[in-house]
Amino acid sequence: MNYQELAEVLFPDVSGTPADLEQRFPERQLAEHAVVTRIGPSPTGFVHLGNLYNAVIGERLAHQSEGVFYLRIEDTDEKRKVEGAVETLISAMNYFGVHFDEGATADGDSGSYGPYRQRQRKEIYHIIAKYLTQQGKTYPCFLTAEEIDAIREEQKAKQENPGIYGTYAEKNRSLSLAQIQENIKAGKSWVLRFRAEDTEESILVNDAVRGELKMPRNNMDFVLLKSDGIPTYHFAHVVDDHFMRSTHVIRGEEWISSLPMHVELFNTLGWNQPVYCHTATLMKIEDGKKRKLSKRKDPELALAYYQQEGICPEAVWEFLLTLLNSNFEEWRLANPDSDYHDFQYTIEKMSISGALVDLDKLRDVSKEVLSRMTAEKLYQGLSAWCQEYQTDFAALLSKYQDRAIKALNVGRGGAKVRKDLENWKQSCQFLSFYFDESFKQQDAMPEEISESDRKEFFKAYLESYQHSDDSSAWFAKVKDITEKLGYAVKPKDFKKHPEDYKGSIIHITNMIRIALTGRANAPDIWEVSQVLGEEIVLNRLKKWL
RNA sequence: GGCCCCUUGGUCAAGCGGUUAAGACUCCAGAUUUUCAUUCUGGCAACAUGGGUUCGAUUCCCGUAGGGGUCACCA
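Numbering (the numbering used here) for the first sequence: -2 to 542.
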């Protein structure tokens, strides 16, 4: 077989050479240890936690090293393509604080190593495919789906490994040039297969997280180009990461088993392998068993879930960082005020077993993150989220902006910060009592206080109420009335001698709190009163006279 | 089934031949607080298993079990 002729028959219109591509996509001029990496999602319209998980690693590694982080759209599968998926993906990534230096954008490309959508790179793949054909490393395969099924059945019956290799590949491998031309002329569709060596050798592949992996050397005639001329993932990965000059390939561990194919391609093309970094699969626990997170059953797999629940992006980041890098929590404890970007991420500290997504842990991380924010920043984040998901409350927030910020600032001034905000959704609930429009009488008055005592208390309270009183003056008055009514001023006294009192100051303050906020659990009464303003305070209390 | 990856408390995880086997989340108890959210103190709870190697294995090697992945013209 004359491979030059075969290459011309298969790729008559391809004139470029690998050398042209080397020139077109020169090596990047970066610092020695700069990391160039990417995420390569398929535009299926579904953005999941795993996408973010890998993006976080890549983003950190690249930006910590003054490298490049880019977005490549792996759209080689026409069937999975969903309209608008790229926009969805980019906006989700941006929402969660992942920004790309180059790559696909919503309406095009940015950067000089593109195009960044694989379907638009057909010409590039064909140059390499033609080159490989000239080297005798490929052949066209005319096997139909039915024929392949039959082969698989036969292999199954014989308990052999499935696939096109060895004798099973012989029929198409040994086709003469004339036969090939005839088949093509007859309109038979073909795929380009890699001509693998029939071997039992092993190869060692280094993985940055897992160390050396021992795998069997590839002996499969895997597909390089599908019948529509579009490459498979394997071929596209090797070509793209070479010409886009990736130094690191970060991807899920489901790719480990196809490593031999990729290594084989890098070797036959004489290209340097990137540093591989295979990440663990995110898991979920169910009935005491760990299992992979599933798209159908687990809403928390979708990134959209975290947006809808109003879990702020920083919290999701920090949560992922705690899963990803075992020393992040330690660092966070030592540097409570630092930005998470200051944390030095290392591959060495990466976990390799599948981590469980623990929503309790996320909630805790989220509380911490929110407790570190200023009231103004909280207001911005909350407003932005509400505009998307709770427009009624967004309107209130903007109508009463000053009050909302003051409300968010309650318990935030001192050394000990209140930690009652978990996420934006819950924050709306939490803040609702500050506005008459969303105020609700949720909890009933304490049973310990009779109706007449209640009325008497509120009468005295209102008479003595001075909105300008400071916290201690205010509380002194409350204690005074409490005592006069025959309630214990010190909770401990009541605890020791409940028979001597009608109740304790706890019941009294609860009553004020419930009148003011509609609920038994709320922040400091005096502070809340100051935020509400005199008019609202008096109105809410008068209702109980 | 073949090949590959993984295995320390309920969860995430330190450990890298000798430790009372850290820490975080959850849960429980107590303390502080005018409620709550905090904060503090304490508690429950782990090296999957069997063989080696070694004076000594959670740590190194082999097997077994369990979990996961993959075996497409899907990524």
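C-beta atoms are modelled at their ideal positions from N, C-alpha and C, and glycine is treated no differently.
Since this is a predicted model, take the numbers as computed values, not measurements.
Assumed close pair residue i, residue j - CB separation to whole angstroms, cut-off 8 Å
i      : j      : result
Ile70  : Pro23  : With 8 Å as the limit, Ile70 and Pro23 do not qualify as a contact, their Cβ atoms being about 23 Å apart.
Gly408 : Arg415 : 3 Å
Arg190 : Tyr136 : 6 Å
His259 : His231 : 6 Å
Thr276 : Glu250 : 6 Å
Tyr122 : Met241 : Tyr122 to Met241, Cβ: 13 Å. No contact.
Pro112 : Asp104 : Between Asp104 and Pro112 the Cβ distance is about 13 Å, and since that is not below 8 Å, they are no contact.
Ile247 : Thr34  : 6 Å
Ile502 : Lys476 : 7 Å
Leu3   : Thr141 : So it is not a contact: roughly 21 Å between Cβ atoms.
Asp450 : Lys499 : 7 Å
Asp204 : Tyr273 : 5 Å
Ala446 : His494 : For the sequence presented, residue 446 should be read as Ile rather than Ala. Their Cβ separation, rounded to whole angstroms, is 18 Å, which puts Ile446 and His494 out of contact at 8 Å.
Phe97  : Val313 : Their Cβ separation, rounded to whole angstroms, is 18 Å, which puts Phe97 and Val313 out of contact at 8 Å.
Host beta strand (DSSP E) of residue i (start-end)
i      : result
His543 : Here the chain comprises residues numbered -2 to 542, so residue 543 is not present and cannot be evaluated.
Phe66  : 65 to 68
Ser107 : 105 to 107
Val272 : 272 to 276
Thr102 : 99 to 102
Range of the contiguous alpha helix (DSSP H) that encloses residue i
i      : result
Asp399 : 398 to 406
Gly378 : 372 to 386
Gly163 : 163 to 170
Glu532 : 531 to 539
His504 : 502 to 514
Trp421 : 421 to 428
Ser468 : 468 to 481
Glu445 : Run containing Glu445: none; DSSP gives neither H nor E here.
Tyr113 : Neither: Tyr113 is in no alpha helix (DSSP H) and is coded neither H nor E.
Leu542 : Where Leu542 is concerned, there is no enclosing alpha helix (DSSP H), given that its DSSP letter is neither H nor E.
Ala82  : 82 to 92
Distance, residue j Cα to residue i Cα
i      : j      : result
Leu394 : Tyr303 : 22 Å
Ala404 : Glu209 : 55 Å
Cys425 : Ser435 : 10 Å
Asp466 : Ala473 : 10 Å
Tyr376 : Arg207 : 43 Å
Val235 : Phe263 : 7 Å
Thr371 : Asn406 : 8 Å
Gln178 : Val6   : 7 Å
Ser224 : Trp187 : 5 Å
Ala352 : Gln20  : 43 Å
Gly47  : Leu321 : 12 Å
Glu56  : Phe427 : 34 Å
Asn332 : Glu480 : 47 Å
Tyr484 : Ser468 : 21 Å
Asn169 : Tyr162 : 11 Å
Val525 : Glu385 : 28 Å
His464 : Glu531 : 6 Å
Ile402 : Phe316 : 26 Å
Sequence-distant residues of its chain with Cβ nearer than 8 Å to residue i (five each side left out)
i       : result
Glu326  : Thr319
Ser429  : Phe390, Ser435, Phe436, Lys437
Met(-2) : Gly133, Ser173, Leu174
Leu18   : Ile121, Ile124, Ile125, Phe240
Sequence-distant residues of the same chain with beta carbon closer than 6 Å to residue i, five excluded per side
i      : result
Glu419 : Arg360, Ser363, Lys364
Trp471 : Trp523
Gly378 : Cys309
Phe390 : Cys383, Cys425
Arg77  : Ser39, Thr41
Val44  : Leu86, Ala89, Leu300
Pro15  : Tyr128
Ser368 : Val414, Lys416
Ser461 : Lys474
Gly307 : Trp382, Asn420, Trp421, Lys422
Thr265 : Lys134
Nonlocal neighbours in the same chain, by C-beta distance under 7 Å from residue i, ignoring five residues either side
i      : result
Phe455 : Leu538, Trp541, Leu542
Lys211 : Ser199, Leu201
Arg114 : Ile70, Asp72, Ala101
Val32  : Leu58, Ala59, Ser62, Gly64, Thr244, His245
Gly160 : Met217
Met442 : Arg451, Met508, Ile511
Val11  : His123, Ile124, Lys127
Residue i CB to nearest heavy atom of the ligand GTP below 7 Å
i    : result
Phe8 : For the ligand GTP, the structure offers nothing, since it holds no ligand at all.
Tell me the start and end of each unbroken alpha helix (DSSP H) in the stretch 202 to 265 that is at least 4 residues and wholly inside, in chain order. Within the stretch 202 to 265, the alpha helix (DSSP H) runs of at least 4 residues that lie entirely inside it are, in chain order, 230 to 240.
Going along the chain, which unbroken runs of the alpha helix (DSSP H) with 4 or more residues stay wholly within the stretch 17 to 69? Correct list: 46 to 61.
At what residue ranges does the stretch 297 to 360 contain a whole run of the alpha helix (DSSP H), taking only runs of 4 or more? Under the rule that a run must span 4 or more residues, the alpha helix (DSSP H) segments found entirely inside the stretch 297 to 360 read 300 to 305, 310 to 321, 325 to 331.
Of all the beta strand (DSSP E) runs that stay within the bounds of the stretch 127 to 195, which reach a length of 3 or more residues? Complete beta strand (DSSP E) runs here, min 3: 135 to 138, 188 to 191.
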